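Report on one structure; see the data block that follows.
Numbering (UniProt numbering), first residue to last: 1 to 222.
Structure representation (structure tokens):
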């Protein structure tokens, strides 16, 4: 029996955000928005996307943040706002021929979609594409293949028998390495399915029937 694919594409993301050593910046804001598109049938890495995002609440990067991520002040100064970055990402997917109803976002951990993007879109009142509301936490299929344990992304890549490419905590390099790890897990037969999602708002209540609405108005007037 042929196995029906759940998705046509995977889009691997790994945000970088404002940060400080030994303390928490609030609110955190995304400063690098990278993505890698993977063919779910062949495992081919089809295209990549990156834009820098200009933070509004903490526009000046800390020296720790720049040293950790490699992102320089002039790069975020020339960046776009998050709403624009989301639109650019959406256009990139369309230009690559990805059906947004047949793709899954892939991350290493739940932080990118569950915490970072959701919280920033919430406090900035930004509407984001619905495909970000569910995702594949690649840790879960990785542990199904290699066993449970505490590993960061770089350690997982090496445990899978691959070399790390690029700079750790460069968002695009992290996304590319996550994509390579995804392909290796696919090659090993791992099941790649949705592992996390945001709670969906309840559907709106139906409008009352006209007769009942009229009766309610009469009762209120009495």
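Every residue, glycine too, gets a C-beta built ideally from N, C-alpha and C.
Keep in mind that this is a model prediction, so the values were computed, not measured.
In the region 12 to 70, which residue ranges form an unbroken alpha helix (DSSP H) of at least 4 residues, counting only runs that do not cross its ends?
Runs of the alpha helix (DSSP H) inside the region 12 to 70: 63 to 69.
For the region 79 to 97 against the region 31 to 38, do three or more pairs of beta-carbon atoms, one drawn from each stretch, fall closer than 8 angstroms, so that the two count as touching?
The region 31 to 38 and the region 79 to 97 touch, with three or more beta-carbon pairs separated by less than 8 angstroms.
Which term fits residue 152, buried or exposed, when burial requires 16 or more other beta carbons within 10 angstroms of its beta carbon?
Residue 152 should be labelled exposed.
Counting C-beta neighbours from all protein chains within 10 Å, is the total for residue 29 16 or more, i.e. buried, or is it exposed?
Counting the other CB atoms within 10 Å of its CB gives residue 29 a total of 16 or more, which places it among the buried residues.
Identify every run of the alpha helix (DSSP H) within the region 153 to 179, keeping only runs that are complete inside it and at least 4 residues long; order them along the chain.
List check, alpha helix (DSSP H) in window: 153 to 159.
Enumerated in chain order, which unbroken segments of the alpha helix (DSSP H) with a length of 4 residues or greater are wholly contained in the region 68 to 142?
DSSP runs (the alpha helix (DSSP H)) wholly in the region 68 to 142: 73 to 77, 82 to 95 and 118 to 123.
Go ahead and pull the three-state DSSP assignment for residue 7.
Residue 7: coil per DSSP, three-state reduction.
So, residue 194 versus residue 186, is the Cβ gap smaller than 8 angstroms?
No. Outside cutoff.
Which listed residue (81, 96 and 67) has its alpha carbon closest to that of residue 168:
Considering only alpha carbons, the answer is 67.
To which residues does DSSP link residue 189 through a beta bridge?
Answer is none; residue 189 lacks a bridge partner.
At the level of alpha carbons, what is the spacing between residue 202 and residue 158?
In this model, residue 202 and residue 158 are separated by some 43 angstroms (Cα to Cα).
Is it buried or exposed, residue 1, if we count other Cβ atoms within 10 angstroms and call 16 or more buried?
Residue placement at residue 1 is flagged as unreliable, the pLDDT there being 38, under the threshold of 50; a coordinate-derived value is accordingly withheld.
Quick one: residues in its chain with C-beta nearer than 7 angstroms to the C-beta of residue 255, no 5 flanking neighbours on either side, listed in chain order?
This structure cannot settle anything about residue 255, because the visible part of the chain is limited to 1 through 222.
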